[in-house]
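Start counting the sequence shown at 10; every next residue gets the next number (this note's numbering). Shown next, in structure tokens, is the structure this report addresses.
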Amino acid sequence: MHTISKELIDSSIFDELTKVKGKIDDLIPVSKALVFINEKKASKYFETAQTQFSRFYISKYRKLEDIEVEKLGRVNIFAGGNNMGKTSILEAFIWHLN
């Protein structure tokens with residue numbers, strides 16, 4: 010399991026975020042799982058990523074410039090106030106993958 014960068018998160022919520030991240034990591038299916046859709050069982054295949062980023066660099070996207078996101082794991086939590094760039098970071102990931 011990867012760590013959460015303590016210097017980037019308010020210390021009053023750091024422990025709680027670490028617990029939540031651990032719970033989310035445990036929920037991620039690695040192969041096949043049964044998923045309930047409209048009260049019916051359906052076999053759903055969850056593809057595992059062939060490649061996983063450990064870090065990601067954004068030279069310029071929207072208001073973000075020269076941003077390096079490090080210590081990425083299978084599950085990552087981006088926390089912050091409104092208009093701080095959380096969505097822009099995720100959009101940059103999607104743009105890069107497409």
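The C-beta atom is built at its ideal place from N, Cα and C for all residues, glycine as well.
When the options are compared against residue i, the one with the closest alpha-carbon
| i | options | result |
| --- | --- | --- |
| SER20 | HIS105, ASP34, ALA88 and ILE67 | ALA88 |
| LEU81 | ASP34, PHE23 and TYR70 | ASP34 |
| LYS72 | GLU79, GLU100 and ARG83 | GLU100 |
| LYS28 | ASN91, VAL84, ASN92 and LYS69 | VAL84 |
| TYR70 | ILE18, ILE103, ASP24 and LEU17 | ILE103 |
| GLY94 | HIS105, ILE67, LEU106 and ASN107 | ILE67 |
Beta carbon of residue i nearer than 8 Å to that of residue j
| i | j | result |
| --- | --- | --- |
| ILE86 | LEU36 | no |
| ARG64 | GLU79 | yes |
For residue i: DSSP bridge partner residues
| i | result |
| --- | --- |
| VAL78 | PHE65 |
| LEU73 | TYR70 |
beta-carbon residue i near the ligand HEM non-hydrogen atom, thresh 7 Å
| i | result |
| --- | --- |
| PHE23 | Ligands displayed in this structure: none; no statement on the ligand HEM is therefore possible. |
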